Amino acid sequence: MEQVRKDFPALHQTVNGRPLVYLDNAATAQKPEAVIEAIRSYYLNDNSNVHRGVHTLSQRATDAFEAARVKIAGFIGANSPREVIFTKGTTESINLVAYSFGGSLSAGDEILVSEMEHHSNIVPWQLACERTGAVLRVIPVLNEGELDWEAFLALLSKKTRLVAVTHVSNSLGTINPVREIISEAHQRGIPVLLDGAQALPHSTVNVSELDVDFYCFSSHKMFGPTGFGVLFGRERLLDAMPPYQGGGDMIEIVDFSGTTYNSLPHKFEAGTPHIAGAIGLAAALDYVNYVGFEFIENQEKDLLLYATQRLMSIDGVRIVGEAKQKAAVVSFLIGSSHPYDVGTILDKFGIAVRTGHHCTQPLMKRLGIPGTVRASFSFYNTRSEIDQLETAVRQAASMLQ
Ligand code: C6P
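Note that my numbering gives residue 1050 to position 397 of the sequence shown, counting from 1, and the numbers run on in steps of one.
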């Protein structure tokens, strides 16, 4: 554990005179030295554009960029690197599908999302519905923060063109029964998109075993750089979809009489990409493999149980989101205190948490709350940090109640 923590330089600092306790990993994870070094080395030695030059630096950059794609494809169990599209992040991955796949929707078609979605898996579909006359249907969430399974089954119909749900809720930590969702949807011939932003950092995800059609995630929650992410798509579906954006690299032949498009994955990657982003994410995946998901899962399970238990022991604290299957996220409220006030007090203790609606306003509305205080853990967090969280929350509770 000590070694692991040493690998993350940002963890070793004081904030407001206290050692930093970083519990905002669902917003973005800290970066290990290996990732920082891979990006630095790229800019120091190989910086060049990709797929464009015959010169040596461009070849080196292209090789590193495409090697990253092969690594990412292997990491998520894709059948081919052609199924791995580079994007700016989960948000752009979903927008790509909503625009491109969504372009084939007709009036009356239905897209099924859930009430616990991040805005990035709601708004792109609303836009697609506005463009096409399709209708957005919503799977309700039960009080504990689980999907209403019966309602989900009842919502699947001949009109459903896609089920688009989050693998893990960023606000509540709920791990959704994605295998069962995919199985039910596929039995009816409906493809499934999973928002994996909060799932991939916590446990092994294999898109082939899941048999999922689209899987979206962000590099920065996975210990890689910001502004970079991935859309996995089943090759057959991606092939049939029109390009998302036009520009350099996504074309085969451009002529004023008409343009033909590049093959996968380049058809969906217009313009100079975030080369250092791909290289940084590849380094992050190497690092995660080195730490190993066995260690990550055990550590996070322990932190989740311990934090839940410690926070529940404080008078006035209420945990929001009590699904049976949860990732290492604990959302809570202190009495009727505003989450923002709690977060401000915790910051004085050097503790970083997120407060507010966590970009899930419909979920907050459903739960009848303005937002939550969210502590989200990574494998580099410790029980001692949770003890510090408990002390600070007790202090906040006594000040605010
Ligand atoms: N959630 C959080 O604090 P981007 O911003 O594109 O990297 O990821 C968007 C996104 C999509 N889906 C889920 C489930 C997410 O959690 C996020 C990002 C962060 O919860 C920042 S809002």
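All C-beta atoms, glycine included, are put in the ideal place defined by N, C-alpha and C. As the structure is a computational prediction, the values presented were derived from the model and not from experiment.
By the CB criterion at 8 Å, residue 992 and residue 1021 fall outside the cutoff. Residue 763 is bridged by DSSP to 788 and 813. Around the C-beta of residue 895, fewer than 16 other C-beta atoms lie within 10 Å, and the residue is accordingly described as exposed.
A straight line joining the alpha-carbon of residue 702 with that of residue 711 spans about 6 Å. Here residue 1001 has 669 as same chain residues with Cβ atoms under 7 Å from its own Cβ, once five neighbours each way along the sequence are excluded. Residue 850 sits close to residue 743, with the two beta carbons spaced by under 8 Å. Between the alpha carbons of residue 966 and residue 1046 lies a gap of roughly 11 Å. In this structure, the alpha-carbon of residue 969 lies about 19 Å from that of residue 1006. Considering only 751, 910 and 877, the residue with the shortest C-alpha distance to residue 688 is 877. Taking every protein chain shown into account, the CB of residue 988 has fewer than 16 other CB atoms within 10 angstroms, so this residue is exposed. Residue range 928-944 is occupied by the alpha helix (DSSP H) that includes residue 931. Beta bridge pairing from DSSP links residue 782 with no other residue.
Unbroken alpha helix (DSSP H) runs of no fewer than 4 residues, entirely contained in the stretch 694-781, are found at 709-729 and 743-753, following chain order. Where residue 1025 is concerned, there is no enclosing alpha helix (DSSP H), although the beta strand (DSSP E) around it starts and stops at 1025-1029. Taking C-beta atoms as the reference points, residue 843 and residue 960 fail to come closer than 8 Å.
Linking residue 986 to residue 974 through their CA atoms gives a straight-line distance of about 11 Å. DSSP places residue 982 in the uninterrupted beta strand (DSSP E) bounded by 982-987. With a cut-off of 7 Å, the C-beta of residue 851 is classified as near the ligand C6P, since at least one heavy atom of the ligand falls inside that distance.
In this structure residue 981 is in contact with residue 957, their Cβ atoms being roughly 5 Å apart against a cut-off of 8 Å. A Cβ-Cβ separation of about 6 Å places residue 739 in contact with residue 931 under the 8 Å criterion. At a threshold of 7 Å, residue 1007 counts as near the ligand C6P, since its beta carbon sits closer than that to one of the ligand's heavy atoms.
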